[in-house]
Structures are given as C-alpha cells and as structure tokens.
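Undergrad:
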Amino acid sequence: MNQFRAPGPFRLCSTSPSPTILPVVKREPVDEDSGTEGCQPRSSSDVTAGNMATAMERHIQQTNERLHCIKEALATPNAFQGAARELLEWCGDPRAFQKVFEQNLIGCLTVISQVSQKQGFDLDLGYRILAVCAAQREKFSPKSACKFLLPND
1 MNQFRAPGPF RLCSTSPSPT ILPVVKREPV DEDSGTEGCQ PRSSSDVTAG
51 NMATAMERHI QQTNERLHCI KEALATPNAF QGAARELLEW CGDPRAFQKV
101 FEQNLIGCLT VISQVSQKQG FDLDLGYRIL AVCAAQREKF SPKSACKFLL
151 PND
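Here it is, written out as structure tokens:
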C-alpha cells in the first residue's frame, strides 16, 4: 500500500506494518442564529475541567500519532510530497510549536534534513518546511534549537 491519504474523512498511515487510520476533524462554523431558540446557555457544571483535560489529552495524543505517521511517510519517496505538504500546512499554525509536539516535530524535521536532497524527494519543499520552522526557533527548547535549527543572528 503506497497511498498516504485514505479517501473520506480519514488519513492512512500506510508506511507502518499495520496501517493506522486517524480521523480528520473538520471544523464547521457555528451559526448562532439558527437552532438556538429556546436553548439555555450551558452552566459551568455541564463542561467540567476534567472533560476538557481529557479532550485536550486526546487531541495531543492524536496529533502526536499523526506526526509519527508523517515522519514515517517522509522517509519514502512515494509519500514524501503528501506528508511534507501536510506538515508545511500544519507548521503554518503557531500552535504547532507547542512543547507537547516538539519531539515528534523535530523527528519529522530530522527526516526531512536527511532525505530531501536525495533522488525522488523534493529539496525545495524540504527547505521550505525547515525555513518555516527555523523562523519559529524561539518556540523550541534550547536543546532542540541547538540540535537542529539555525542559530539566532
């Protein structure tokens, strides 16, 4: 199976021995005028801190699993383009550079730096991702920034 993205609302991590399917969450705009008549605002007891913490932990885990799949896909010429474009789009959001994602993001960047100049990969796309991340280097831990990214001028 050489396909990186599965059809429908799922993305396939096919470079592992048993492919992992992770859901793609689509955000839809909330129309506050429709369907809200007669609805009461939620009380603080409806949404507890525990529920929010669990949802955040699940989001972090899913994102880190996705980054792991992207890292695997970046290592193969057939999947590099799709994985690199997804990573480039993800790195366009400042939230991508949170500490909880750093290890997996650095793993992806390491693979890009190792393979992008090889035959069958895309040096320009790899460089663009590295440049976007280098511009955010102050958000990385000192160890990661020194290990991988360009020094501050």
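When you line the sequence shown up against UniProt numbering, it's residues 1 to 153, in that order.
Ideal Cβ positions, reconstructed from N, Cα and C, are used throughout, including at glycine.
In this text, all values refer to a predicted model and were calculated from it rather than measured experimentally.
Indicate whether Ile129 and Leu74 have their beta-carbon atoms separated by less than 7 Å.
TA: If you number the sequence shown from 1, residue 129 lands on position 129. If you number the sequence shown from 1, residue 74 lands on position 74. Cβ distance not < 7 Å, so Ile129 and Leu74 don't count as in contact.
Undergrad: Is Asn104 near the ligand HEM, judged by its Cβ being under 6 Å from some heavy atom?
TA: The model depicted lacks the ligand HEM and carries no ligand whatsoever.
Undergrad: As a quick exercise: from Gln103, Glu57 and Gly92, pick the residue whose alpha carbon is nearest that of Ala131.
TA: Residue 131 sits at position 131 when you count from the first residue of the sequence shown. Answer by Cα proximity: Gly92.
Undergrad: What is the DSSP secondary structure of Phe121, reduced to helix, strand or coil?
TA: Locating residue 121 in the sequence shown gives position 121, counting from the first residue. Three-state result, Phe121: coil.
Undergrad: Taking the alpha helix (DSSP H) that Pro77 falls in, what are its first and last residues?
TA: Numbered from its first residue, the sequence shown carries residue 77 at position 77. Note, Pro77: alpha helix (DSSP H), Pro77 to Cys91.
Undergrad: Whose C-beta lies closer than 6 Å to the C-beta of Phe97 among residues of the same chain, with five residues either side of it excluded?
TA: Translated into the one-based positions of the sequence shown, residue 97 becomes position 97. Cβ within range, chain order: Gln136 and Lys139.
Undergrad: Relative to the C-alpha of Ile60, which candidate in Trp90, Leu125 and Phe101 has its C-alpha closest?
TA: By one-based count along the sequence shown, residue 60 stands at place 60. Minimum Cα distance to Ile60 is reached at Phe101.
Undergrad: Which same chain residues end up closer than 8 Å to Thr54 when comparing Cβ atoms and leaving out the 5 residues on each side of it in sequence?
TA: As a working note, residue 54 is residue 54 in the sequence shown. Cβ neighbours of Thr54 beyond the five flanking positions: none.
Undergrad: Looking only at C-alpha atoms, which of Pro77, Gln103 and Arg95 sits nearest to Gln117?
TA: Counting from 1 along the sequence shown, the entry for residue 117 is found at position 117. Answer by Cα proximity: Pro77.
Undergrad: Alpha carbon to alpha carbon, what distance is there between Met56 and Asn104?
TA: Here residue 104 is taken as the residue at index 104 of the sequence shown, counted from 1. Here residue 56 is taken as the residue at index 56 of the sequence shown, counted from 1. Cα to Cα, Asn104 sits roughly 17 Å from Met56.
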